[in-house]
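Protein chains: 2
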Amino acid sequence: MTQSISSLYFPNEPKQPTVVSSHAKSQAATDALGKVFDNRGVYFVADYDKSNGNYIADVDGNVYLDVYAQIASIPLGYNNPALIEAAKSDKMIRALVDRPATGNFPGADINEIVGDILKVAPKGQDKVWSGLSGADANELAFKAAFFRYQAKKRGYLTPFTQEELTSVMKNEAPGSPDLAILSFERGFHGRLFASGSTTCSKPIHKLDVPSFKWPKAQFPAYKYPLEKHIEENKKEDERCLKIVDDIIQNNQIPVAAVLVEPIQSEGGDNHASAEFFQGLRDITLKHGSLLIIDEVQTGVGATGVMWAHERFNLQPPPDLVTFSKKFQSAGYFFHDPEIIPNFAYRQFNTWCGDPARMIIAGAIGQEIVKHDLVKRTAEVGNYLYAKLEKLAEKYPKYLQDLRGKDRGTFIAWTLESGEARNKFLSDMKTVGVNIGGCAEDSVRLRPTLVFEEKHADILVEAIDKLLSTY
Amino acid sequence: MTQSISSLYFPNEPKQPTVVSSHAKSQAATDALGKVFDNRGVYFVADYDKSNGNYIADVDGNVYLDVYAQIASIPLGYNNPALIEAAKSDKMIRALVDRPATGNFPGADINEIVGDILKVAPKGQDKVWSGLSGADANELAFKAAFFRYQAKKRGYLTPFTQEELTSVMKNEAPGSPDLAILSFERGFHGRLFASGSTTCSKPIHKLDVPSFKWPKAQFPAYKYPLEKHIEENKKEDERCLKIVDDIIQNNQIPVAAVLVEPIQSEGGDNHASAEFFQGLRDITLKHGSLLIIDEVQTGVGATGVMWAHERFNLQPPPDLVTFSKKFQSAGYFFHDPEIIPNFAYRQFNTWCGDPARMIIAGAIGQEIVKHDLVKRTAEVGNYLYAKLEKLAEKYPKYLQDLRGKDRGTFIAWTLESGEARNKFLSDMKTVGVNIGGCAEDSVRLRPTLVFEEKHADILVEAIDKLLSTY
Numbered sequence: 000m001t002q003s004i005s006s007l008y009f010p011n012e013p014k015q016p017t018v019v020s021s022h023a024k025s026q027a028a029t030d031a032l033g034k035v036f037d038n039r040g041v042y043f044v045a046d047y048d049k050s051n052g053n054y055i056a057d058v059d060g061n062v063y064l065d066v067y068a069q070i071a072s073i074p075l076g077y078n079n080p081a082l083i084e085a086a087k088s089d090k091m092i093r094a095l096v097d098r099p100a101t102g103n104f105p106g107a108d109i110n111e112i113v114g115d116i117l118k119v120a121p122k123g124q125d126k127v128w129s130g131l132s133g134a135d136a137n138e139l140a141f142k143a144a145f146f147r148y149q150a151k152k153r154g155y156l157t158p159f160t161q162e163e164l165t166s167v168m169k170n171e172a173p174g175s176p177d178l179a180i181l182s183f184e185r186g187f188h189g190r191l192f193a194s195g196s197t198t199c200s201k202p203i204h205k206l207d208v209p210s211f212k213w214p215k216a217q218f219p220a221y222k223y224p225l226e227k228h229i230e231e232n233k234k235e236d237e238r239c240l241k242i243v244d245d246i247i248q249n250n251q252i253p254v255a256a257v258l259v260e261p262i263q264s265e266g267g268d269n270h271a272s273a274e275f276f277q278g279l280r281d282i283t284l285k286h287g288s289l290l291i292i293d294e295v296q297t298g299v300g301a302t303g304v305m306w307a308h309e310r311f312n313l314q315p316p317p318d319l320v321t322f323s324k325k326f327q328s329a330g331y332f333f334h335d336p337e338i339i340p341n342f343a344y345r346q347f348n349t350w351c352g353d354p355a356r357m358i359i360a361g362a363i364g365q366e367i368v369k370h371d372l373v374k375r376t377a378e379v380g381n382y383l384y385a386k387l388e389k390l391a392e393k394y395p396k397y398l399q400d401l402r403g404k405d406r407g408t409f410i411a412w413t414l415e416s417g418e419a420r421n422k423f424l425s426d427m428k429t430v431g432v433n434i435g436g437c438a439e440d441s442v443r444l445r446p447t448l449v450f451e452e453k454h455a456d457i458l459v460e461a462i463d464k465l466l467s468t469y
Numbered sequence: 000m001t002q003s004i005s006s007l008y009f010p011n012e013p014k015q016p017t018v019v020s021s022h023a024k025s026q027a028a029t030d031a032l033g034k035v036f037d038n039r040g041v042y043f044v045a046d047y048d049k050s051n052g053n054y055i056a057d058v059d060g061n062v063y064l065d066v067y068a069q070i071a072s073i074p075l076g077y078n079n080p081a082l083i084e085a086a087k088s089d090k091m092i093r094a095l096v097d098r099p100a101t102g103n104f105p106g107a108d109i110n111e112i113v114g115d116i117l118k119v120a121p122k123g124q125d126k127v128w129s130g131l132s133g134a135d136a137n138e139l140a141f142k143a144a145f146f147r148y149q150a151k152k153r154g155y156l157t158p159f160t161q162e163e164l165t166s167v168m169k170n171e172a173p174g175s176p177d178l179a180i181l182s183f184e185r186g187f188h189g190r191l192f193a194s195g196s197t198t199c200s201k202p203i204h205k206l207d208v209p210s211f212k213w214p215k216a217q218f219p220a221y222k223y224p225l226e227k228h229i230e231e232n233k234k235e236d237e238r239c240l241k242i243v244d245d246i247i248q249n250n251q252i253p254v255a256a257v258l259v260e261p262i263q264s265e266g267g268d269n270h271a272s273a274e275f276f277q278g279l280r281d282i283t284l285k286h287g288s289l290l291i292i293d294e295v296q297t298g299v300g301a302t303g304v305m306w307a308h309e310r311f312n313l314q315p316p317p318d319l320v321t322f323s324k325k326f327q328s329a330g331y332f333f334h335d336p337e338i339i340p341n342f343a344y345r346q347f348n349t350w351c352g353d354p355a356r357m358i359i360a361g362a363i364g365q366e367i368v369k370h371d372l373v374k375r376t377a378e379v380g381n382y383l384y385a386k387l388e389k390l391a392e393k394y395p396k397y398l399q400d401l402r403g404k405d406r407g408t409f410i411a412w413t414l415e416s417g418e419a420r421n422k423f424l425s426d427m428k429t430v431g432v433n434i435g436g437c438a439e440d441s442v443r444l445r446p447t448l449v450f451e452e453k454h455a456d457i458l459v460e461a462i463d464k465l466l467s468t469y
């Protein structure tokens with residue numbers, strides 16, 4: 000039997016959830032918070048000191064198996080000893096108290112910190128630029144794509160014209176050109192202004208926010224189970240690729256880059272085939288647009304490979320790959336040296352990332368490699384998926400369109416309505432599980448990379464127990 | 000004599016700079032970095048382990064008096080023991096290894112962490128929202144302003160219309176309305192897309208980046224010395240206020256908020272009077288626009304008050320005040336409860352800030368209060384300014400338009416050209432000082448809050464020594 004990584008990391012991990020069913024302390028702390036901070040999204044106030052491995056504790060003493068993991072962003076379980084060691088290192092203390100303007104005055108350990116991150120870069124990528132969040136990573140990638148797109152037209156080392164230098168100060172072309180990022184309906188890429196303009200999953204993310212008038216293509220909507228709808232789904236790929244091609248050819252604003260998630264995550268765990276992504280790569284090459292793969296949610300192992308798009312064997316590799324969440328640090332990978340802008344201070348800001356968070360990312364990568372956690376996640380995912388398939392047979396109304404087969408623990412399914420889904424998510428706490436949703440009507444599993452068969456058993460039993468009362 | 004805070008914090012702080020004049024190791028590390036990361040802005044590779052108090056060391060053994068302080072962002076000196084203590088705390092370890100989705104699952108210490116930040120909030124502000132950088136803080140504030148502006152028209156609790164819910168998914172009005180932030184020529188507010196659209200100081204910040212077509216007003220351009228040009232400068236205030244009033248009345252896109260720095264920092268340390276800012280407050284009230292004060296660079300003590308706009312006695316206080324840099328954490332303060340959006344998940348993202356950085360901010364605030372560092376900075380600034388005035392008499396060509404009198408150590412001056420300024424900044428390293436510029440032709444002093452008379456003496460002597468060779 001494979002050694003249990005969770006037992007190695009977490010000798011005191013709970014054996015099962017504890018549900019005390021009181022939420023008084025959590026409610027009181029949330030109410031207090033509401034006087035000074037937006038508390039409207041708070042589910043509960045956590046006790047991170049008592050959280051351990053795959054279990055999150057709240058301040059009332061409830062201990063939940065956590066398959067949501069801070070919106071898909073805890074990689075190695077709560078209070079992982081390897082990360083605690085990194086957090087206590089001298090390198091970390093310096094990064095915290097002497098926060099550098101990394102672009103101007105990087106520290107002596109910068110090559111080590113960046114090198115550790117690059118050790119787990121996607122295949123074909125060997126350079127990185129650092130940011131602070133998924134939205135930030137995407138917007139930095141947009142900037143890099145716009146710089147590169149214009150440099151291709153202008154010549155990499157060609158100086159700016161006087162007209163560009165003057166017009167840009169008025170936010171006018173040619174210095175501030177009208178260029179677009181093409182993204183997909185149901186995609187999610189963040190909530191700042193440019194990233195928000197590419198996001199297209201729910202109105203609440205965007206209402207009242209001015210936006211760039213950038214186009215949206217359609218992402219394939221497959222019929223499930225996939226093996227029974229091969230021809231139809233292939234036609235769906237072709238239909239969607241044609242839309243992309245048409246938009247790039249005809250859009251009034253030139254499309255500098257196509258932005259896509261390997262699996263649309265927030266938008267409902269919508270999968271598409273390798274052929275679809277290869278088609279996207281070909282279309283971008285044909286038109287001279289860049290290809291940006293947003294791996295903010297899919298990256299770092301959860302899908303059973305380190306980076307989800309590596310399954311697609313894209314040639315050449317994507318121009319930019321953004322990351323955040325499970326890497327606990329943010330930024331983009333790239334390979335073309337000319338993605339680094341021709342002059343200093345173009346891709347720049349005061350901090351250019353956060354070495355403290357980059358150190359954590361390096362430690363995460365190292366642990367993943369050391370314990371082969373991507374392979375383990377693939378195995379555990381297969382184990383879990385098979386059990387969920389059986390549950391789907393037992394409760395077809397509550398586990399529709401099960402998806403994520405052979406995609407590690409990156410699994411989702413759909414309920415018959417948003418109300419049914421919300422009730423399910425909330426009720427799962429009564430059987431000891433913290434679980435999240437995606438789209439309006441779906442459930443998404445986003446456990447850590449140290450989620451094992453024994454945790455899968457507890458999850459499946461809890462779902463069974465709950466649904467047997469429905 | 001006042002106790003020396005720097006001696007208390009840094010018993011081993013160097014007594015003077017060390018210039019070894021070799022840069023070989025720094026160059027080698029920078030070259031290595033360039034293979035995987037944009038290294039074009041790197042001045043030198045720092046040795047933060049050996050940096051101490053007001054002195055920054057590089058990997059070659061040079062030790063500079065640092066009056067640039069990571070682009071105005073190191074608050075309490077390198078390796079400050081109080082921050083090291085915060086960095087080693089259990090609370091910090093948890094924040095680093097169990098990074099929460101703060102909007103959904105805040106930790107048990109959230110009220111303490113937020114409370115510590117609010118202890119040093121600007122007068123009249125009692126709530127906060129957290130982000131990750133200055134640009135992020137400003138864009139989050141823009142979103143809050145747009146939400147509030149629309150809520151005033153719609154009614155705070157009025158649900159969205161079906162038309163809004165549908166049109167927003169196409170990035171179209173009314174769901175995604177055309178609304179503007181009015182900012183000022185020579186202002187700097189960050190380099191993401193919306194913040195970049197409000198930034199108007201240098202072309203390099205903006206070239207090739209698509210932008211929102213938001214208007215710019217003119218910021219007063221005073222004649223110096225101020226006491227000799229009172230009438231002219233008053234007229235300049237009036238002229239600029241009229242432009243603001245005209246734009247808000249006539250701009251095709253409604254102006255939801257006016258965004259302004261208390262001192263335009265990156266853009267040249269351009270000061271304006273309390274009357275000018277009071278005029279802005281009045282104009283925004285008259286037209287129902289919000290007032291956002293960008294304290295990213297001016298905040299946290301350097302100007303001799305905790306927040307630079309507190310000198311203006313604005314009534315009512317600004318609607319939003321953004322911060323970052325010296326606070327080491329980012330976000331905005333506010334007071335109107337309806338700045339918190341009517342529904343959950345409007346002002347939201349995965350992490351909603353970073354508790355690790357918020358803990359540092361709280362510790363910074365506490366130390367500032369405990370050691371009265373704002374008052375000390377005001378005193379040291381006056382001492383330094385008087386000495387610089389004498390230098391300006393001695394070298395009028397190299398210290399033109401000296402500004403920042405009675406503004407703590409937030410001091411700047413102008414040289415006769417960009418080339419002369421750049422040569423001065425570079426040459427200052429040969430006399431042991433790390434110093435930065437602003438605008439094309441100016442020098443800005445941005446030392447820490449533990450910069451004292453003895454450091455001011457070394458700085459002034461170094462400038463004198465250098466300029467005597469010109």
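In order, the protein sequences belong to chains X and L. Numbering that gives the first Met the number 0 numbers the first residue of the first sequence as 0 and each following residue consecutively. Numbering that gives the first Met the number 0 numbers the first residue of the second sequence as 0 and each following residue consecutively. We put the beta carbon where it would ideally sit given N, CA and C, even for glycine.
Rounded straight-line distance, which links the Cα of residue j to that of residue i
i      : j      : result
L:E163 : L:A27  : 56 Å
L:D46  : L:R445 : 20 Å
X:Q2   : X:L372 : 12 Å
L:V19  : L:P13  : 15 Å
X:T429 : X:S467 : 13 Å
X:K222 : L:F218 : 59 Å
L:G189 : L:K34  : 27 Å
X:S25  : X:I434 : 18 Å
X:Y382 : X:L424 : 22 Å
L:D37  : X:I339 : 6 Å
L:M0   : L:K386 : In this prediction, L:M0 scores a pLDDT of 48, lower than 50, which makes its location untrustworthy; the coordinate-derived value is nonetheless stated afterwards. Roughly 20 Å between the two C-alpha positions.
X:W306 : X:F159 : 37 Å
X:G123 : L:Q161 : 46 Å
Secondary structure of residue i, DSSP reduced to three states
i      : result
L:A360 : helix
X:S3   : coil
X:I73  : coil
X:D456 : helix
L:A28  : helix
X:N398 : Reading the sequence as shown, one finds Leu at residue 398 of chain X and not Asn. Note: X:L398 maps to coil in three-state DSSP.
X:G106 : strand
X:Q365 : helix
L:T408 : strand
X:Y148 : helix
Option in the options with minimal Cα separation from residue i
i      : options                : result
X:P253 : X:E260, X:D245, X:E309 : X:D245
L:G102 : L:A385, L:R345, L:A391 : L:R345
L:F141 : X:E138, X:K201, X:F192 : X:F192
X:I282 : X:G300, X:E294, X:L313 : X:L313
X:I116 : X:V442, X:S129, X:D89  : X:S129
Distance between beta carbons of residue j and residue i, contact taken as under 8 Å
i      : j      : result
X:G431 : X:Q15  : 7 Å
X:V295 : X:F322 : 6 Å
query = If you measure beta-carbon to beta-carbon, which residues of the segment 110 to 128 of chain L are closer than 7 Å to chain A?
reply = The structure shown contains no chain A; its protein chains are X and L.
task = Evaluate the contact criterion for the segment 71 to 84 of chain L versus the segment 321 to 329 of chain L: three or more CB pairs, one atom per stretch, below 8 Å.
result = Contact between the segment 71 to 84 of chain L and the segment 321 to 329 of chain L is established, with three or more Cβ pairs separated by less than 8 Å.
Cβ contact check for the segment 50 to 58 of chain X and the segment 362 to 378 of chain L: 3 or more pairs under 8 Å = Judged by pairs of C-beta atoms under 8 Å, the segment 50 to 58 of chain X does not touch the segment 362 to 378 of chain L, as fewer than three such pairs exist.
inquiry  = Within 8 Å, do at least three Cβ pairs link the segment 281 to 296 of chain L to the segment 198 to 212 of chain L?
reply    = No: fewer than three Cβ pairs fall under 8 Å.
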